[in-house]
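Following our numbering, the numbering of the sequence shown begins with 187 at its first residue and continues without gaps.
Here is the structure we will look at.
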Amino acid sequence: MITKNQQKAIELMFEGNLSQKEISAQLKIHPTTLSRWKRDKGFIEAMRLYTNETISRSTPKAMITMLKLLNARSELVRYNAAKDLLDRAGFIPTQKHDINANVNPIQILDDVPPESDRDG
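Structure below.
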């Protein structure tokens, strides 16, 4: 279990525009306190959960963006969007198959007689 201050620290860290010193000042804590929190197992677990929740909330928006990119003007953008969606849906490109056939080697017969036989 983490404190409200620790939860606020996690949220500020995820915003990404504040330094550790600025976050500490905003929370009215010493920067070493924040450093200590970042090594705490409970804090680390809370960060992991916050990350998962943030990604889960963003998934629908990300999917809509990818679907819109299927209609982009750039052929490369459309290709990459389609490829990414298919990859994530579990469709994989056709794999190469190694074909080994048991075939007897071709024998080339020399049907041209040697010059000595041609003189006759």
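Virtual Cβ for every residue (Gly too), placed ideally from N, Cα, C.
What you are looking at is a predicted structure, and each value in this text was computed from that prediction instead of being measured.
Going by DSSP, residue 225 is part of the alpha helix (DSSP H) stretching over 217-225. Per the Cβ contact rule, the segment 210-220 is not in contact with the segment 250-261 (fewer than 3 Cβ pairs under 8 angstroms). Taking one beta carbon from each stretch, the segment 215-230 and the segment 258-271 have fewer than 3 pairs nearer than 8 angstroms; the two do not touch. Shown here, residue 246 sits in a helix according to DSSP, grouped into three states. About 6 angstroms separates the CB atoms of residue 223 and residue 195; that is less than 8 angstroms, so the two are in contact.
Secondary structure note for residue 272: its alpha helix (DSSP H) is the uninterrupted segment 261-274.
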